[in-house]
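*Asks:* In terms of UniProt numbering, the sequence shown has 246 at position 246, counting the first letter as 1, and numbering is strictly consecutive.
Sharing a structure below in structure tokens format, with a few things to ask.
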Amino acid sequence: MPGRVITDAEELKSFNVDWLKSVRGCSTLLLKPRTTMEVSQILKYCNEKNLAVNPQGGNTGLVGGSVPVFDEIILSTGLMNQIISFDHISGILVCQAGCILENLNQYLEPKGFVMPLDLGAKGSCHIGGNVATNAGGLRLLRYGSLRGTVLGLEVVLADGSILNCLASLRKDNTGYDLKQLFIGSEGTLGMVTAVSILCPRKPNAVNLAFLACPSFSQVLKTFIICKDMLGEILSAYEFMDNGCMKLVERHLKLTNPVAESPFYVLIETSGSNSTHDEEKLTHFLEHVMGSDLVVNGILASEGKKIKALWALRERITEALTRDGVVYKYDISLPVEKLYDLVTDMKVRLDTAAMNVVGYGHLGD
Numbered sequence: 001m002p003g004r005v006i007t008d009a010e011e012l013k014s015f016n017v018d019w020l021k022s023v024r025g026c027s028t029l030l031l032k033p034r035t036t037m038e039v040s041q042i043l044k045y046c047n048e049k050n051l052a053v054n055p056q057g058g059n060t061g062l063v064g065g066s067v068p069v070f071d072e073i074i075l076s077t078g079l080m081n082q083i084i085s086f087d088h089i090s091g092i093l094v095c096q097a098g099c100i101l102e103n104l105n106q107y108l109e110p111k112g113f114v115m116p117l118d119l120g121a122k123g124s125c126h127i128g129g130n131v132a133t134n135a136g137g138l139r140l141l142r143y144g145s146l147r148g149t150v151l152g153l154e155v156v157l158a159d160g161s162i163l164n165c166l167a168s169l170r171k172d173n174t175g176y177d178l179k180q181l182f183i184g185s186e187g188t189l190g191m192v193t194a195v196s197i198l199c200p201r202k203p204n205a206v207n208l209a210f211l212a213c214p215s216f217s218q219v220l221k222t223f224i225i226c227k228d229m230l231g232e233i234l235s236a237y238e239f240m241d242n243g244c245m246k247l248v249e250r251h252l253k254l255t256n257p258v259a260e261s262p263f264y265v266l267i268e269t270s271g272s273n274s275t276h277d278e279e280k281l282t283h284f285l286e287h288v289m290g291s292d293l294v295v296n297g298i299l300a301s302e303g304k305k306i307k308a309l310w311a312l313r314e315r316i317t318e319a320l321t322r323d324g325v326v327y328k329y330d331i332s333l334p335v336e337k338l339y340d341l342v343t344d345m346k347v348r349l350d351t352a353a354m355n356v357v358g359y360g361h362l363g364d
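So this is what it looks like as structure tokens:
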């Protein structure tokens, strides 16, 4: 593996520390395989020699799981970035685990399809890492979790054995669904080397509403009405508090498009008929803005404006890092209890923390 065995301490730095720079390992060896067979040979050797291995994708995780704990050998999927096949009829994509999520989306869009997953880290995260962490993302509300869209996996086990469950059928009732063991396993049971995933059609019409709500209770009530009135075209429902907004304004110089409010909501719709979607969304906005649920809001349907609004939500973590070390907890709670955690942490931490903020997906 000439040029793919890294031992230089300077080169290893970025692989030994997580994106938030709050967790650090001390690995002295990084390996960059290109094929499943190379991964198999590496893991077989390491297993025989009792050497610890840390699989790593794009290293975009925010909870410390992608970097070594001690001096484990880092096994990177960075060069495993080939698209194996795509079926234009079924929308089934088969690719290596090191493919960057955004690159896959750019490959699919001209063909009339999109990836069923979207993350703020899409420009650098790997699909194998997405699967290994069972990433939810911004549009789980529309397309469901990876447990439903991933059709098959190729995985190398710790002893080097290759488990080929790389099915390309939406329905397969033959035996156990072994791939589910590896989705969300974070590399503890084996290393994902290839993925078969079902990709939805690219929506013809996308709209985004950015709303201001006076309380978290109103955010939840708006969500209920949103599901009732927008139904099948609803693709994302995100919230952020005013603390998040102040951070992106101060550190990233982004502009709040509405009047200051305790909470903000991003609502995205995706459909096939722009006139139909705009009518439904307009009717919804008239309803909630005519009540006490929403105090202000704007609507965007043009790509540049939509991107600017999404940046307010997607770049919150980046803004947080400008104030120092970040402790980020990406957890699932009953929706009605979600912001109670933030309120409680503010009381408990008091002046010990510079910022305690809350944001995330409510559609999960």
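In this text, a Cβ means the ideal position worked out from N, Cα and C, and glycines have one as well.
1. In terms of alpha-carbon separation, which member of 207, 77, 262, 25 lies closest to residue 36?
2. In whole angstroms, what is the alpha-carbon distance linking residue 122 and residue 168?
3. For residue 56, which residues does DSSP report across the bridge?
4. Does the stretch 238-250 touch the stretch 271-287, meaning 3 or more C-beta pairs lie closer than 8 angstroms?
5. Could you check what DSSP says for residue 7 in three-state terms: helix, strand or coil?
6. For residue 61, tell me which candidate among 157, 251, 134 has the shortest Cα-Cα distance.
7. For residue 108 versus residue 95, is the C-beta distance shorter than 8 angstroms?
8. DSSP three-state call for residue 369: helix, strand or coil?
9. Using the three-state DSSP reduction, which class does residue 354 fall into: helix, strand or coil?
10. When the Cα atoms are used, what is the spatial distance from residue 314 to residue 11?
11. Report yes if the CB atom of residue 52 is closer than 8 angstroms to the CB atom of residue 83, and no otherwise.
12. Should the stretch 150-160 be regarded as contacting the stretch 176-192, the criterion being three or more beta carbon pairs within less than 8 angstroms?
13. Here's a check: name, in chain order, each residue in its chain whose Cβ is nearer than 8 angstroms to the Cβ of residue 181, leaving out the five neighbours to either side.
14. Report yes if the C-beta distance between residue 248 and residue 212 is below 8 angstroms; otherwise report no.
15. Under three-state DSSP, which class holds residue 237?
16. If I measure Cβ to Cβ from residue 214 and keep anything under 7 angstroms in the same chain, skipping five residues before and after, which residues do I get?
17. Using only CA atoms, which one of 65, 75, 67, 115 lies nearest to residue 86?
18. Taking just the CA atoms, how far does residue 225 sit from residue 218?
*Replies:* In brief:
1. Start at 1 with the first residue of the sequence shown, and residue 36 comes out as number 36. Nearest of 207, 77, 262, 25 to residue 36, Cα basis: 77.
2. Residue numbering aside, residue 122 sits at position 122 when the sequence shown is read from its first letter. Residue numbering aside, residue 168 sits at position 168 when the sequence shown is read from its first letter. Rounded to whole angstroms, residue 122 to residue 168 spans 24 angstroms at the Cα level.
3. Here residue 56 is taken as the residue at index 56 of the sequence shown, counted from 1. For residue 56, the beta-bridge partners assigned by DSSP are 76.
4. Output reads no: the stretch 238-250 does not touch the stretch 271-287.
5. The residue given as residue 7 occupies position 7 in the sequence shown. Correct three-state label for residue 7: coil.
6. The sequence position of residue 61 within the sequence shown is 61, counting from 1. Closest option to residue 61, Cα to Cα, is 134.
7. Stepping through the sequence shown from its first residue, residue 108 is reached at position 108. Stepping through the sequence shown from its first residue, residue 95 is reached at position 95. Not in contact: residue 108 and residue 95 (Cβ atoms no closer than 8 angstroms).
8. With the chain represented from 1 up to 364, any question about residue 369 goes unanswered, as that position is not in the structure.
9. Translated into the one-based positions of the sequence shown, residue 354 becomes position 354. Residue 354 falls in the coil class under three-state DSSP.
10. The count along the sequence shown starts at 1 and reaches residue 314 at position 314. The count along the sequence shown starts at 1 and reaches residue 11 at position 11. Looking at the two C-alpha atoms, the distance is approximately 28 angstroms.
11. Within the sequence shown, the letter at position 52 stands for residue 52. Within the sequence shown, the letter at position 83 stands for residue 83. Going by beta carbons, residue 52 and residue 83 fall outside the 8 angstroms limit.
12. With a cut-off of 8 angstroms on Cβ pairs, the stretch 150-160 is in contact with the stretch 176-192, counting three or more such pairs.
13. As a working mapping, residue 181 is identified with position 181 in the sequence shown. Within the same chain, residue 181 has close Cβ partners 189.
14. Counted from its first residue, the sequence shown places residue 248 at position 248. Counted from its first residue, the sequence shown places residue 212 at position 212. Not a contact, by the Cβ cut-off of 8 angstroms.
15. Position 237 of the sequence shown, counted from the first residue, corresponds to residue 237. In the structure shown, residue 237 sits in a strand (DSSP, three-state: E or B).
16. Against the sequence shown, residue 214 aligns to sequence position 214. Non-local C-beta neighbours of residue 214 in its own chain, meaning closer than 7 angstroms and more than five positions away in sequence, comprise 261, 262, 295, ordered along the chain.
17. Indexing the sequence shown from 1 puts residue 86 at position 86. Taking only the C-alpha atoms, the option nearest residue 86 is 115.
18. To locate residue 218, count along the sequence shown from 1; it is residue 218. To locate residue 225, count along the sequence shown from 1; it is residue 225. CA-CA distance, residue 218 to residue 225, rounds to 11 angstroms.
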